[in-house]
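Comments concern the structure below.
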Amino acid sequence: MHPELAADLDQLPALLEEARQRAVGFLGGLDERPVIPPQSKSPTTAAPTSAAPTTPAPTAPAPLPEDGGGLRAALAEFGERWEPRLSASAGPRYFGFVTGGATPAALVGDWLTATADQNSNSSLDPTGQHLERETVDWLRELFGLSVAHSGTFVSGATMSNTVGLAIAREWLGERLGVDVAEDGVAALGRVRVLSGSAHSSIAKALSVLGLGRTALTTVPTLPGREAVDLAALERALAEADGPCIVVANAGTVNTVDFDDLRAIAELRDRYGCWLHVDAAFGAFAALSPLHAGLVAGLDLADSVCVDLHKWLNVPYDSAVQFTRRRDLQARVFQNAAAYLGPIGDHPDLVHLTPENSHRLRALAAWFTLRAYGRAGHREIVERCVAGAEALGAAIDATDGLRLLAPVRLNVVCFTLAEDPTPERLAALADRISDQAFLTPTRYAGLPALRAAFSNWRTTAADVRRTADALAAALPAVKAD
Ligand SMILES: *Cc1c(COP(=O)(O)O)cnc(C)c1O
Numbered sequence: 000m001h002p003e004l005a006a007d008l009d010q011l012p013a014l015l016e017e018a019r020q021r022a023v024g025f026l027g028g029l030d031e032r033p034v035i036p037p038q039s040k041s042p043t044t045a046a047p048t049s050a051a052p053t054t055p056a057p058t059a060p061a062p063l064p065e066d067g068g069g070l071r072a073a074l075a076e077f078g079e080r081w082e083p084r085l086s087a088s089a090g091p092r093y094f095g096f097v098t099g100g101a102t103p104a105a106l107v108g109d110w111l112t113a114t115a116d117q118n119s120n121s122s123l124d125p126t127g128q129h130l131e132r133e134t135v136d137w138l139r140e141l142f143g144l145s146v147a148h149s150g151t152f153v154s155g156a157t158m159s160n161t162v163g164l165a166i167a168r169e170w171l172g173e174r175l176g177v178d179v180a181e182d183g184v185a186a187l188g189r190v191r192v193l194s195g196s197a198h199s200s201i202a203k204a205l206s207v208l209g210l211g212r213t214a215l216t217t218v219p220t221l222p223g224r225e226a227v228d229l230a231a232l233e234r235a236l237a238e239a240d241g242p243c244i245v246v247a248n249a250g251t252v253n254t255v256d257f258d259d260l261r262a263i264a265e266l267r268d269r270y271g272c273w274l275h276v277d278a279a280f281g282a283f284a285a286l287s288p289l290h291a292g293l294v295a296g297l298d299l300a301d302s303v304c305v306d307l308h309k310w311l312n313v314p315y316d317s318a319v320q321f322t323r324r325r326d327l328q329a330r331v332f333q334n335a336a337a338y339l340g341p342i343g344d345h346p347d348l349v350h351l352t353p354e355n356s357h358r359l360r361a362l363a364a365w366f367t368l369r370a371y372g373r374a375g376h377r378e379i380v381e382r383c384v385a386g387a388e389a390l391g392a393a394i395d396a397t398d399g400l401r402l403l404a405p406v407r408l409n410v411v412c413f414t415l416a417e418d419p420t421p422e423r424l425a426a427l428a429d430r431i432s433d434q435a436f437l438t439p440t441r442y443a444g445l446p447a448l449r450a451a452f453s454n455w456r457t458t459a460a461d462v463r464r465t466a467d468a469l470a471a472a473l474p475a476v477k478a479d
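Set out below in structure tokens:
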């Protein structure tokens with residue numbers, strides 16, 4: 000064994016203790032660390048300088064070490080070069096994109112995932128699969144899905160949408176009497192995918208699947224809304240000259256609008272299409288009795304995407320993919336090989352997703368559900384919704400800011416009351432970025448900012464701090 004490996008093995012308990020202390024320090028500083036730390040300019044974007052020698056930026060790529068010096072040396076360099084520049088994305092005021100944190104139990108589950116280092120894909124070494132199945136059962140119940148849905152873990156909602164649409168593609172083949180998994184996507188001809196306000200990952204999935212980005216046909220939405228206009232959807236289905244895929248949206252990223260899933264399922268029954276629901280974070284509405292109606296009908300979908308690294312608050316990367324047609328899923332993703340054994344009626348995980356080998360990704364979700372249960376996770380959802388409503392109210396009451404949509408669940412979408420250029424909005428976001436992180440968007444034809452609530456640590460005090468920072472930054476943005 001290389002002497003540095005041997006030395007680290009010898010000192011493993013002490014080294015893990017040092018790593019634990021580093022983690023405790025990082026988590027302890029989350030509330031006060033700048034949410035987006037000032038970045039040192041990367042060498043590729045820095046202005047050209049004179050010939051005088053300059054010290055490279057700390058984040059400039061370093062050469063591969065020949066002799067590393069062991070884990071302590073790596074910890075020291077990480078602590079110096081990288082850790083201070085990491086964002087507080089695990090903390091309570093990182094409102095960009097839709098970003099969750101990691102509950103204490105989820106964090107420990109993730110530590111133990113790496114510790115046990117399982118490749119949970121086959122019944123030849125089955126415990127990981129059993130744990131994943133139990134966790135999927137819990138998630139199915141959490142989101143109000145019936146046993147008709149089977150589920151698998153994947154790395155994120157993009158992958159979950161991709162798998163759902165791959166199963167849909169196979170279903171189209173079934174309807175048309177061709178086998179896409181065997182004969183390729185050309186056997187299908189032109190495919191139409193109908194959606195009101197599809198997430199960008201749907202187009203990416205269609206590109207990956209060979210259906211093409213232009214297969215996505217945008218259906219008009221209701222006036223002033225991101226929810227699909229049912230009459231327009233029905234017209235599109237009636238006019239289509241073959242079976243279609245409908246992507247229903249349960250929680251759009253700008254205004255968290257929801258399609259009427261029950262009504263779309265009725266259209267599916269009448270016209271014969273595949274109904275995929277992108278409920279990446281919207282599915283969590285099912286946990287709150289006040290908001291569960293938004294996802295009524297989710298169980299009627301043929302495939303469902305739910306992200307877990309967002310509102311379940313497990314570490315990246317984790318999502319789940321549900322479907323009523325596991326048989327088609329296994330047709331797409333089967334990975335037959337002599338050493339893996341027969342596929343059978345209960346396919347191993349290796350036959351169900353794009354991945355063959357994968358980490359025991361379910362363990363972090365198992366830990367947080369086991370530790371806090373449905374009630375604990377309901378409390379996170381309800382507190383996030385209350386936070387978004389409170390920030391929405393504060394913005395509404397601030398001269399110079401304007402809400403662009405009612406706060407339906409956990410996202411606040413707003414802009415400057417006067418002259419809302421992308422530059423001025425970027426300046427506003429930049430001025431508060433040590434306090435809170437918001438991301439830009441466009442909504443209702445206007446440049447805007449979004450604040451998405453999905454972190455288990457966020458409290459009313461964080462909302463006040465964010466609202467105060469916005470109000471304090473406004474005069475400077477106006478003067479710019
Ligand atoms: C976040 C999100 C996605 C993509 O999720 P990733 O986890 O980033 O792959 C897809 N759809 C919706 C509605 C989302 O919010």
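Position 281 of the sequence shown, counted from 1, bears residue number 280 in numbering that gives the first Met the number 0, the numbering being contiguous throughout. Glycine is no exception: its CB is placed at the ideal position from the N, C-alpha and C atoms.
Under 8 Å, do Trp-365 and Gly-100 count as touching if we go by C-beta distance? It is not a contact, given that the beta carbons lie outside the stated cut-off.
Could you tell me which of Leu-469, Val-349 and Thr-216 sits nearest to Tyr-338, measuring between CA atoms? Of the listed residues, the one whose Cα sits closest to Tyr-338 is Val-349.
When you compare the CB positions of Thr-161 and Val-207, do they come within less than 8 Å of one another, or not? yes
Could you give the residue range of the alpha helix (DSSP H) that holds Pro-421? 421-430
Helix, strand or coil at Phe-366 [DSSP, three-state]: helix
How is the alpha helix (DSSP H) around Val-23 delimited, first residue to last? Segment 11-27, the alpha helix (DSSP H) holding Val-23.
Cβ contact check for the region 292-300 and the region 110-124: 3 or more pairs under 8 Å: no
Below 8 Å on the Cβ atoms is my guess for Val-410 versus Ala-451; work out the distance and round it to an integer in Å. 5 Å
Ignore the nearest five residues each way along the sequence and tell me which others in Ser-154's own chain have a CB closer than 6 Å to its CB. Asp-316
Residues bridged to Asn-118 [DSSP beta-bridge criterion]: According to DSSP, which records beta bridges pairwise, Asn-118 is partnered with nothing at all.
Strictly by DSSP, which residues pair up with Asn-248? Asp-277
Excluding the 5 residues preceding and the 5 following Val-462 in the sequence, name in chain order all residues of the same chain whose CB lies nearer than 8 Å to its CB. Gly-386, Ala-389, Leu-390 and Ala-393
Taking the Cβ atom as the reference point for each residue, do Val-192 and Ala-214 lie within a distance shorter than 8 Å? It is a contact, given that the beta carbons lie within the stated cut-off.
Below 8 Å CB to CB, which residues in the same chain sit around Pro-42 once its five sequence neighbours on both sides are set aside? The predicted position of Pro-42 is uncertain, since its pLDDT is 46 and thus under 50; no value can be drawn from it.
Compute the Euclidean distance between the alpha carbons of Tyr-371 and Arg-377, then round it to the nearest angstrom. 9 Å
Counting pairs of Cβ atoms below 8 Å between the region 114-126 and the region 275-287, do you hit three or more? no
Thinking C-beta only, is Leu-141 closer than 8 Å to Gly-150? no
From Glu-381, Val-476 and Val-384, residue whose alpha carbon lies closest to that of Leu-415: That would be Val-476, whose Cα lies nearest to the Cα of Leu-415.
Leaving out five residues on either side along the sequence, give the residues of the same chain with a beta carbon under 8 Å from the beta carbon of Leu-266. Leu-229, Leu-232, Glu-233, Leu-236, Val-245 and Cys-272
Put Pro-42 into one of helix, strand or coil per three-state DSSP. Any reading at Pro-42 must be qualified, since the residue scores a pLDDT of 46, below 50, and its modelled position is unreliable; no value is offered.
Assuming the contact rule is C-beta atoms closer than 8 Å, Pro-439 and Pro-421 should be a hit. Round their C-beta distance to whole Å, please. Confirmed, Cβ separation roughly 7 Å.
Ordered along the chain, which non-local residues of its own chain (more than five positions away) have a Cβ less than 7 Å from that of Ala-89? Leu-29, Gly-100 and Ala-101
Host alpha helix (DSSP H) of Leu-171 (start-end): 156-175
Can you tell me whether Thr-397 is helix, strand or coil according to DSSP? Here Thr-397 carries a coil assignment [DSSP, helix/strand/coil].
Alpha-carbon spacing of Pro-446 relative to Arg-401, whole angstroms: 12 Å
Taking C-beta to C-beta, are Asp-301 and Arg-325 nearer than 8 Å? no
Given this structure, state the Cα-to-Cα distance separating Thr-126 from Leu-362, to the nearest angstrom. 11 Å
Let me check understanding here. Comparing Cα to Cα, which of Gly-69, Arg-360 and Arg-189 lies closest to Leu-130? If we check each option's Cα against that of Leu-130, Arg-360 comes out closest.
Assign Leu-63 to one of three DSSP states: helix, strand, or coil. coil
In chain order, what residues of the same chain have a beta carbon less than 6 Å from the beta carbon of Thr-251, not counting five sequence neighbours either side? Ser-196 and Glu-225
Using CA coordinates, which residue listed in Pro-314, Gly-343 and Leu-63 is at the minimum distance from Ala-329? Nearest neighbour of Ala-329 by Cα position, chosen from Pro-314, Gly-343 and Leu-63, turns out to be Gly-343.
Contact defined as beta carbons within less than 8 Å: I believe Gly-188 pairs with His-275. What is the distance between those atoms, to the nearest angstrom? Contact flag wrong, Cβ pair sits at about 20 Å.
Could you check which residue in Pro-91, Pro-2 and Leu-63 has the C-alpha nearest to that of Asp-433? Pro-91
With a threshold of 7 Å, establish whether the CB of Val-319 neighbours any heavy atom of ligand 1. no
Distance between Arg-373 and Pro-103 (C-alpha atoms, nearest Å): When rounded, the distance between both Cα atoms is 16 Å.
Assigned exposure category for Trp-81 - 16 Cβ within 10 Å defines buried: exposed
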